[in-house]
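The opening position of the sequence shown corresponds to residue -11 in this note's numbering, with each subsequent residue numbered one higher. From the three backbone atoms N, C-alpha and C, an ideal C-beta is built for every residue, glycine too. The structure under discussion appears below in the form of structure tokens.
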Amino acid sequence: MIIKNGAVFEEDGTFRIRDIYIEDHKIAGSREALLDTTELDASGLLVLPGLIDIHSHGAFGHDFSEGDPAGLRKILKYERSCGITSYCPTSMTLPFEQLEKIFSSVREAMDVQDGAVVRGINMEGPFLDPMKKGAHVEEYIHRPDPDFFRELNGASGNMVKLVTLAPNVEGAMEFIDEMHDEVCISLGHTAADYETASQAMKRGAHHVTHLFNAMEPFAHREPGLIGAAADDPQCMVELICDGYHIHPAAVRTAFRLFGSQRMILISDSMMAAGMENGCYELGGQEVMVKEKKAVLKDGTLAGSATNLYDCMRKAVSFGIPLADAVFAATRNPAKSIGIYDQTGSICPGKEADLLLVTKDLELKQVI
């Protein structure tokens, strides 16, 4: 297949009008390598890499934590229809037995047609700080435990790519010491101060779960986790850009502070994404959704009711340069979970995960 005349998003953040050659679902280096020479004219359109959502609990009326492969398949189809071609279903804080069932169910949904590809699992909890539990159930919070993690990872077929950890709870530093070479450790849901967070990063935790949310604020004498992350040049940070979790000025500030190399846009979506206003669930708790804002009964934000493509568009509407927003939804998440050699940019040898969009970012086609 040949995609002709599109303005292709390059690895340096520029757009260049060129042809893309695809053979056997991969991007080929030249026309000579093709058996299928079907042409698709992309004149007047931008060609972006498929988006990569590494933090999403569910969508389209289904939740990953239901442990239902059929439900996960529907989530994956919805995500692909929205331009998300790679996906990490994300768990909640639940009992071990329930998490084991959920993680085991992933492999049964891997063969879905016309859906996003599952690139790994994001394990958000149960190693959290009760003080910053957010929408997680406190009674299921568990001390960081490598054996607990390894058993769950084994149940999934070693699919866990990310695990959220509160560095200020008992056993956290020992967990980081033992596990940082096995999984990307993300700091979050924590009241940790700057010193504690910095120590965790020096030990090997170089990722932050939904920056600003479920952590201490950045203050001039108490910079907390946010300040520690800014000081760690290896640290990448997630940002929910749904228009509710983060003020537009804070979104712009975060991009200036961390730069185009370290920002990761996420949806943190729950089952209401793609659905109408109403009552839904997240981690066994009732969530009310109105105008894409999802909250618990006490008003606590409970994930989002949007998708990553709309978050990327929202970031651009907030004043984030298009290239930076695209990098934050493609290259950066791919690098954070170790799949940039497979996807996340448009170059020979990678998966042909492509989006054709207008200059106003209206999604026209997913390849």
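Tell me the rounded alpha-carbon separation between residue i and residue j.
{"i": "Asp286", "j": "Ala202", "result": "15 angstroms"}
{"i": "Tyr128", "j": "Ser53", "result": "14 angstroms"}
{"i": "Gly262", "j": "Lys65", "result": "11 angstroms"}
{"i": "Leu351", "j": "Leu342", "result": "11 angstroms"}
{"i": "Leu87", "j": "Thr2", "result": "42 angstroms"}
{"i": "Met147", "j": "Glu139", "result": "12 angstroms"}
{"i": "Lys302", "j": "Gln249", "result": "19 angstroms"}
{"i": "Ser44", "j": "Asp298", "result": "14 angstroms"}
{"i": "Phe84", "j": "Phe136", "result": "8 angstroms"}
{"i": "Thr400", "j": "His13", "result": "Because the chain in this structure spans residues -11 to 355, residue 400 falls outside the shown range and cannot be described."}
{"i": "Leu199", "j": "Ala(-5)", "result": "32 angstroms"}
{"i": "Glu226", "j": "Leu253", "result": "6 angstroms"}
{"i": "Lys190", "j": "Asp220", "result": "8 angstroms"}
{"i": "Gly32", "j": "Gly59", "result": "37 angstroms"}
{"i": "Pro114", "j": "Ser69", "result": "31 angstroms"}
{"i": "Ile109", "j": "Thr78", "result": "6 angstroms"}
{"i": "Val283", "j": "Pro236", "result": "20 angstroms"}
{"i": "Ala316", "j": "Ile228", "result": "11 angstroms"}
{"i": "Asp56", "j": "Glu264", "result": "22 angstroms"}
{"i": "Asp99", "j": "Thr288", "result": "36 angstroms"}
{"i": "Ala207", "j": "Gly326", "result": "33 angstroms"}
{"i": "Leu82", "j": "Asp133", "result": "15 angstroms"}
{"i": "Val345", "j": "Gln353", "result": "7 angstroms"}
{"i": "Arg107", "j": "Met300", "result": "20 angstroms"}
{"i": "Met356", "j": "Leu153", "result": "Limits of the chain in this structure are -11 at one end and 355 at the other, which puts residue 356 out of reach."}
Would you check if the distance between the CB atom of residue i and the CB atom of residue j is smaller than 7 angstroms?
{"i": "Leu175", "j": "Ala160", "result": "no"}
{"i": "Leu36", "j": "Val239", "result": "no"}
{"i": "Gly291", "j": "Asp256", "result": "yes"}
{"i": "Pro155", "j": "Thr197", "result": "no"}
{"i": "Ile5", "j": "Leu296", "result": "no"}
{"i": "Pro336", "j": "Gly38", "result": "no"}
{"i": "Ile308", "j": "Phe243", "result": "yes"}
{"i": "Lys120", "j": "His177", "result": "yes"}
{"i": "Thr294", "j": "Ile40", "result": "no"}
In chain order, what residues of the same chain lie with their CB nearer than 7 angstroms to the CB of residue i, ignoring the 5 residues before and after it?
{"i": "Arg95", "result": "Gly145"}
{"i": "Glu158", "result": "Arg131"}
{"i": "Gly266", "result": "Val277"}
{"i": "Gly272", "result": "Val125"}
Excluding the 5 residues flanking residue i on each side, which residues of the same chain have their C-beta closer than 6 angstroms to its C-beta?
{"i": "Met259", "result": "Gly46, Gly49, His50, Asp51, Tyr268"}
{"i": "Glu204", "result": "Ala179, Gly212"}
{"i": "Phe91", "result": "Leu140, Ala143, Ser144"}
{"i": "Tyr328", "result": "Ala322"}
{"i": "Ser93", "result": "Gly55, Pro57"}
Skipping 5 residues on each side, what residues in its chain have a beta carbon closer than 8 angstroms to that of residue i?
{"i": "Pro118", "result": "Glu126, Ile129"}
{"i": "Glu11", "result": "Met(-11), Ala21, Leu22, Leu23, Asp24"}
{"i": "His195", "result": "Leu150, Cys172, Ile173, Ser174, Leu175, Cys223, Met224, Val225, Glu226, Ser324"}
{"i": "Ala311", "result": "Phe(-3), Gly1, Thr2, Ser248"}
{"i": "Asp169", "result": "Gly192"}
{"i": "Val304", "result": "Leu310, Ala313, Leu349"}
Since residue i contacts residue j with CB under 8 angstroms, what's their CB separation in whole angstroms?
{"i": "Ser333", "j": "Glu(-1)", "result": "5 angstroms"}
{"i": "Lys338", "j": "Ile15", "result": "5 angstroms"}
{"i": "Met167", "j": "His124", "result": "So it is not a contact: roughly 20 angstroms between Cβ atoms."}
{"i": "Ala412", "j": "Ser74", "result": "The shown model of the chain, from -11 to 355, leaves out residue 412, and the question about it has no answer."}
{"i": "Ala30", "j": "Ile(-9)", "result": "5 angstroms"}
{"i": "Ile42", "j": "Pro321", "result": "5 angstroms"}
{"i": "Leu28", "j": "Lys347", "result": "That pair is no contact at about 18 angstroms."}
{"i": "Glu210", "j": "Asp181", "result": "7 angstroms"}
Can at least three beta-carbon pairs, one atom from the segment 201 to 220 and one from the segment 265 to 283, be found at a separation below 8 angstroms?
-> no
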